[in-house]
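Below: one structure, written as structure tokens.
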Amino acid sequence: MSLSIHHVTATAVTRGLNTLALLLHKAKAHAEAAGTDPDAFVQARLYDDMLPLAGQIQRASDAARGAMARLTGLVAPSMADDETTLAQLQDRVARTLDYIRSVPAEAFEGAETREVVFAAGPLTLGFNGLDYLLEFALPNFQFHVVTAYDILRHHGVPLGKRAYLNLGAERVRTA
Numbered sequence: 505m506s507l508s509i510h511h512v513t514a515t516a517v518t519r520g521l522n523t524l525a526l527l528l529h530k531a532k533a534h535a536e537a538a539g540t541d542p543d544a545f546v547q548a549r550l551y552d553d554m555l556p557l558a559g560q561i562q563r564a565s566d567a568a569r570g571a572m573a574r575l576t577g578l579v580a581p582s583m584a585d586d587e588t589t590l591a592q593l594q595d596r597v598a599r600t601l602d603y604i605r606s607v608p609a610e611a612f613e614g615a616e617t618r619e620v621v622f623a624a625g626p627l628t629l630g631f632n633g634l635d636y637l638l639e640f641a642l643p644n645f646q647f648h649v650v651t652a653y654d655i656l657r658h659h660g661v662p663l664g665k666r667a668y669l670n671l672g673a674e675r676v677r678t679a
């Protein structure tokens with residue numbers, strides 16, 4: 505069996521988005537248990553010149569939708585960056601997952617060699633589809649997922665590697 509670019513892309517971004525949903529859930533539960541406002545996390549940052557949690561979730565969502573669209577030639581739905589609560593961030597993650605699930609595998613026909621050219625800040629970048637996925641899309645997406653994790657961990661949410669990996673019960677083996 506060979507891997508398809510659809511399977512790699514959809515699996516990786518779905519997994520990361522599900523991790524973000526879990527992290528947001530854990531942040532809310534932590535704040536409620538501590539008697540603090542869960543929405544205070546929305547603007548939390550690691551450092552002043554970095555995006556806050558909301559920005560990390562928004563960029564991860566953009567990266568996931570952008571990867572699917574650039575590899576297929578489809579137009580991804582736009583999403584305003586106006587979330588101010590954890591619930592709104594959860595909704596954005598859910599809407600992004602809905603979009604990922606809506607893109608059929610057939611839309612990825614020829615994606616490995618499709619030319620992908622896009623603006624990244626002041627630069628215009630160009631890749632074939634496979635190189636775009638492996639060298640830009642997935643690393644960029646994972647950067648924002650792990651930075652969201654780091655922000656919450658830095659601000660006291662008790663998270664560990666298991667939460668980041670988000671391994672389900674189907675992966676646990678017993679002797």
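Taking the working numbering, I'd label the letters of the sequence shown as residues 505 to 679. Every residue gets a Cβ at the ideal spot worked out from N, C-alpha and C, and that includes glycine. Remember, it's a predicted structure, so these values are computed and weren't measured experimentally.
**Q.** proline 608 versus Leu507, Ala514 and Ser506, residue with shortest Cα-Cα distance
**A.** Ala514
Q) Which residues does DSSP pair with threonine 589 in a beta bridge? A) According to DSSP, threonine 589 bridges with nothing at all.
Q | Neighbourhood of alanine 558 by C-beta, 8 Å cutoff - its chain only, sequence neighbours within 5 removed | A | Val546, Gln547, Asp585, Glu587, Thr588 and Leu593
Q.
In whole angstroms, give me the CA-to-CA distance for histidine 648 and valine 597.
A. 13 Å
Q. Got a sec: is the Cβ-Cβ distance from tyrosine 653 to anything in chain D below 8 Å?
A. Although the question refers to chain D, the structure presented lacks it and comprises just one protein chain.
(Q) Per DSSP, what are the beta-bridge partners of glycine 630 in this structure? (A) Val621
(Q) Can you confirm whether the stretch 518–534 touches the stretch 621–633 when touching is taken to mean that 3 or more C-beta pairs between the two stretches lie within less than 8 Å? (A) no
Q.
Measuring alpha carbon to alpha carbon, tell me which residue in Tyr653, Gly539 and Thr540 is nearest isoleucine 561.
A. Tyr653
**Q.** Nearest-angstrom Cβ-Cβ length linking isoleucine 509 and phenylalanine 640, presumed shorter than 8 Å
**A.** Wrong, their Cβ atoms sit about 14 Å apart, outside the cutoff.
Q: Return the residue from the list Asp553, Ala531, Gly614 and Leu637 that minimises the CA-CA distance to glycine 570.
A: Leu637
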